[in-house]
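Peer 1: Please see the structure below; I have some questions.
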Amino acid sequence: MRKGGTGSAAGPAGAEARLAELGIALPEVAAPLAAYAPAVRSGSYVQTSGQLPLVGGELPATGKVGAEVSPEEAKELARTCALNALAAVRSVAGSLDRVARVVKVTGFVASAPDFTGQPGVVNGASELLGEVFGDRGVHARSAVGVSVLPIDAPVEVEVLVELVDWSED
280 MRKGGTGSAA GPAGAEARLA ELGIALPEVA APLAAYAPAV RSGSYVQTSG QLPLVGGELP
340 ATGKVGAEVS PEEAKELART CALNALAAVR SVAGSLDRVA RVVKVTGFVA SAPDFTGQPG
400 VVNGASELLG EVFGDRGVHA RSAVGVSVLP IDAPVEVEVL VELVDWSED
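All you need for our numbering is the position in the sequence shown, starting with 1, plus 279.
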């Protein structure tokens with residue numbers, strides 16, 4: 280039985296198949312940079328820690344968006360953050376097919392002083408979640424400009440998802 284969220288043509292069991300259709304292989308869960316877990320489950324929710332755009336343990340770009348990093352490049356980095364967040368969710372939930380809906384996305388954008396395009400950057404994460412989850416990927420969101428992020432990352436993304444309510448949990 281599914282609890283909460285809205286349906287999609289793919290149904291609740293379609294996220295893993297949709298990733299395959301898109302040709303997306305999720306990365307390994309990024310190792311924490313400090314004393315925290317990549318994701319934590321509480322009841323029917325999974326909250327990820329802030330996910331950086333790490334690829335193979337390295338940042339593909341560093342610096343401020345609107346200065347060293349273009350908004351277009353930052354949008355792609357936000358997509359990578361969302362992929363890392365999905366890997367963290369899967370590590371706790373067992374499968375992305377258990378996601379009833381994406382509830383909230385919070386994006387942090389290390390911004391040059393005059394850069395105001397944070398929403399466009401965080402769209403990289405939001406659009407990926409829509410591709411993977413369909414209607415269940417529509418979420419509330421914050422896109423926040425900050426002065427600096429860990430290890431000089433240009434963007435960081437957190438995701439909160441609700442899981443399907445299965446009695447065997």
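From the three backbone atoms N, C-alpha and C, an ideal C-beta is built for every residue, glycine too. Bear in mind that the values here come from a model prediction, so they are computed numbers and not experimental data.
Examine the Cβ distances between the region 352-363 and the region 315-332 and report whether three or more of them are shorter than 8 Å.
Peer 2: Enough Cβ pairs lie closer than 8 Å, so yes.
Peer 1: Mark Ala353 as exposed unless 16 or more other C-beta atoms lie within 10 angstroms of its C-beta, in which case mark it buried.
Peer 2: Locating residue 353 in the sequence shown gives position 74, counting from the first residue. It is buried - the Cβ of Ala353 has at least 16 other Cβ atoms within 10 Å.
Peer 1: If I follow the unbroken beta strand (DSSP E) through Phe387, where does it start and stop?
Peer 2: Walking along the sequence shown from the start, residue 387 turns up at place 108. It spans 378-389 - the beta strand (DSSP E) in which Phe387 sits, taken as one unbroken run.
Peer 1: If you draw a straight line from the alpha carbon of Arg380 to that of Gly293, how long is it in whole angstroms?
Peer 2: By 1-based counting over the sequence shown, the position of residue 380 is 101. By 1-based counting over the sequence shown, the position of residue 293 is 14. Between Arg380 and Gly293, the C-alpha separation is close to 12 Å.
Peer 1: Run through DSSP, which three-state label would Val443 get?
Peer 2: Mapped onto the sequence shown, residue 443 falls at position 164. Coil at Val443, not helix or strand.
Peer 1: Roughly how many angstroms lie between the CA atoms of Val378 and Gly342, to the nearest whole one?
Peer 2: Walking along the sequence shown from the start, residue 378 turns up at place 99. Walking along the sequence shown from the start, residue 342 turns up at place 63. Answer to the nearest angstrom: the Cα atoms are 33 Å apart.
Peer 1: Is Lys282 buried or exposed, if buried means 16 or more other CB atoms sit within 10 Å of its CB?
Peer 2: Here residue 282 is taken as the residue at index 3 of the sequence shown, counted from 1. Its pLDDT being 36, under 50, Lys282 is placed unreliably in this model, and the coordinates cannot settle the point.
Peer 1: DSSP three-state label for Val308, please.
Peer 2: Position 29 of the sequence shown, counted from the start, is the residue given in the question as residue 308. Note: Val308 maps to coil in three-state DSSP.
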